[in-house]
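Protein chains in written order, with our numbering: chain A, 1 to 381; chain B, 382 to 465. Glycine included, every Cβ here is placed at the ideal spot set by N, Cα and C.
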Amino acid sequence: MAPLEPWEKVFVTRDAFLATAHGEMACTYCHGGQQSSDMETAHTGLVADPSAGGSGNTCTACHGDQSEHFEKSLHVSLSGYWDTLDARSAPENHQALETMFGNHCASCHTTCGDCHISQPGSVGGGFISGHVINKTPSMTRNCTACHGSRVGNEYLGKNEEIPGDVHFRQGRMNCISCHSGAEMHNSEAACSQCHDTSDAVYQVTNRYSGAQSPSCESCHENIGKQGDQVVQHVLHGDKLACQVCHSVSYMSCDGCHVAISEKTGNPFFKTERSYMSFFIGRNPLQNYHRPYEYVVLRHIPISPTSYQYYGENLLPNFDALPTWAYATPHNVQRKTPQNASCNACHGNPDIFLTADKVSPEELQANEPVIVPEVPPAIGAP
Amino acid sequence: MIKLKHLIMLTLATLVLAACASEATSQATEIPPTDEAVIATSTPLPTLVPVVDNCLECHTDKDKLVALATEGEDAHGSESEGVG
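Quick look at the structure:
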């Protein structure tokens with residue numbers, strides 16, 4: 001996505017904006033600063049993004065119902081990253097990793113404005129509709145602006161020779177068709193009103209913990225149940241995640257490293273390699289909500305030296321988590337190479353993550369997901 | 382004499398009332414109906430836009446912004462390589 005020109009980023013469309021409820025308020029009500037024809041004076045005390053800052057931000061004054069639990073949403077807390085950093089690191093390295101996180105990951109923190117007013121900072125920012133506040137975020141200028149290189153490209157069919165997700169191609173569904181405002185605003189936190197959320201079943205610390213939201217079964221209610229005409233659904237039951245049969249090749253990446261530029265002082269990253277892959281592996285997160293024995297795995301670009309710029313051996317427990325991670329590729333198809341016949345999958349070593357496909361230095365980390373023995377071909381002696 | 386006083390007071394009162402009625406009529410016709418509609422539909426909010434909003438004056442002026450807006454710092458840095 002081409003970045004906006006500097007003037008476009010801050011251009012307000014007068015008529016459209018003033019016609020909205022937010023246009024009835026003085027700019028300084030949300031942004032601070034001062035009324036002055038002198039730019040420097042006007043910008044003194046300016047708050048560029050008054051929607052930053054979680055529960056104490058300006059939006060909460062009027063939109064308390066949406067923002068009540070927003071601060072703990074993964075978009076704001078990014079707690080999933082800390083889940084994995086903490087697991088691979090050690091307490092004495094936490095401070096160095098916090099510095100790294102602030103320099104390289106903080107721009108991924110999402111504010112209300114990053115979804116409803118502007119493009120996210122990670123793609124240069126700037127108003128989407130001349131500061132008109134959009135109730136529904138733009139799929140391409142908000143959602144896939146951040147979730148683009150993997151989910152966005154998969155869903156929209158931008159990977160060469162790989163069709164887009166059937167929900168997009170056939171259903172013309174966009175991100176919010178499945179990912180509701182309640183999910184984005186973490187309104188599910190209201191679960192605690194009925195459930196004992198101290199129970200591990202209800203604890204949500206990353207996107208693969210807690211109940212699946214959304215889940216395929218939210219719409220496809222009868223899958224695997226009485227009356228399902230697809231015998232494979234009934235046969236496999238909860239043994240396979242839906243993507244095992246209905247996903248196709250997706251992006252994997254290796255070796256991301258971060259540093260601060262000596263020339264400009266700006267943070268940057270370098271990813272060694274990215275490639276298309278499709279591997280079925282064992283489910284490392286088998287639980288009440290994800291009972292599957294098999295899931296699909298994506299190689300994530302973590303490396304033992306990813307954060308070396310901030311200190312030596314910052315990830316001493318690198319092997320604590322797999323580098324081939326549980327994935328939910330967004331390129332679902334009804335018909336896929338592996339579901340063409342029983343033996344397109346059974347007895348086909350090419351599509352299972354076996355030890356020979358894992359680099360020797362990552363074998364231990366991936367022990368929980370490596371398939372020790374490919375399921376035998378149907379009808380094989 | 383008393384009748385004369387009453388007649389003078391009655392005449393003066395009639396003149397004052399006539400003058401007030403004329404003023405009220407002219408005021409009513411001076412208010413444009415569109416202004417009434419704006420007042421009627423506006424929602425009371427914490428801070429209404431001032432008559433001249435300096436922020437809007439500048440941020441709705443493309444030419445001024447082209448001249449004044451500068452490129453901010455690239456969050457990910459121009460030296461980044463590969464898939465992010």
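CB contact below 8 Å: residue i versus chain B
i, result
"A/A327", "no"
"A/P6", "yes"
"A/F279", "no"
"A/A344", "no"
"A/M251", "yes"
"A/N93", "no"
"A/T271", "yes"
"A/S36", "yes"
"A/S274", "yes"
"A/V10", "yes"
"A/S261", "yes"
"A/H109", "no"
"A/R14", "yes"
"A/F268", "yes"
"A/A42", "yes"
"A/M39", "yes"
"A/A26", "yes"
"A/S213", "no"
"A/S306", "no"
"A/S218", "no"
"A/S149", "yes"
Rounded straight-line distance, which links the Cα of residue j to that of residue i
i, j, result
"B/E452", "A/P6", "5 Å"
"A/E362", "A/K270", "20 Å"
"A/C345", "A/N339", "7 Å"
"A/K72", "A/H109", "12 Å"
"A/N266", "A/G237", "50 Å"
"B/S459", "A/A377", "50 Å"
"A/S180", "A/N186", "10 Å"
"A/S118", "A/N142", "8 Å"
"A/Y81", "A/H69", "19 Å"
"A/Y307", "A/L315", "8 Å"
"A/V231", "A/F101", "48 Å"
"A/N366", "A/D319", "8 Å"
"A/P349", "A/V296", "14 Å"
"A/V10", "A/A48", "10 Å"
"A/L4", "A/G126", "7 Å"
"A/S138", "A/C115", "8 Å"
"A/C105", "A/A42", "31 Å"
"A/G382", "A/G56", "The requested residue 382 of chain A does not occur in the structure, where chain A is confined to residues 1 to 381."
"A/A325", "A/A52", "31 Å"
"A/S249", "A/N222", "27 Å"
"A/K263", "B/S461", "13 Å"
"A/K335", "A/G379", "23 Å"
"A/S79", "A/H220", "30 Å"
First and last residue of the uninterrupted alpha helix (DSSP H) at residue i
i, result
"A/V295", "No alpha helix (DSSP H) holds A/V295; the beta strand (DSSP E) holding it covers 294-299."
"A/T28", "27-31"
"B/D444", "443-449"
"B/E438", "435-440"
"A/S67", "64-67"
"A/E98", "94-104"
"A/F17", "14-18"
"A/A344", "342-345"
"A/D114", "112-116"
"A/T41", "39-42"
"A/M184", "181-184"
For residue i, the three-state DSSP class (helix, strand or coil)
i, result
"A/D254", "strand"
"A/M173", "coil"
"B/T424", "Residue placement at B/T424 is poorly supported in this model, since its pLDDT is 45, which falls under 50; the coordinates still yield a value, given next. Note: B/T424 maps to coil in three-state DSSP."
"A/G130", "coil"
"B/S403", "At B/S403, the pLDDT of 46 sits below 50, so the modelled position is not reliable and the matter cannot be decided from this model."
"A/F168", "helix"
"A/I223", "coil"
"A/A259", "strand"
"B/P414", "Model confidence at B/P414 stands at a pLDDT of 45, short of 50, so the residue's coordinates are unreliable and nothing is read from them."
"A/E5", "coil"
"A/Y81", "helix"
"A/S149", "helix"
"A/L240", "strand"
"A/R207", "coil"
"A/I280", "strand"
Anticipated Cβ contact below 8 Å, residue i with residue j, distance rounded
i, j, result
"A/T166", "A/A145", "Per the sequence shown, the amino acid found at residue 166 of chain A is Val instead of Thr. With a Cβ gap of about 23 Å, A/V166 and A/A145 do not count as contacting."
"A/G281", "A/V374", "In fact, because the Cβ distance is near 11 Å, the residues do not count as touching under 8 Å."
"A/Q299", "A/E154", "The displayed chain sequence assigns His, not Gln, to residue 299 of chain A. Wrong, their Cβ atoms sit about 15 Å apart, outside the cutoff."
"A/V12", "A/G164", "Contact flag wrong, Cβ pair sits at about 35 Å."
Cβ of residue i within 8 Å of any chain A Cβ
i, result
"B/H387", "no"
"B/T392", "no"
Start-to-end residues for the beta strand (DSSP E) that takes in residue i
i, result
"A/E272", "267-277"
"A/A325", "324-327"
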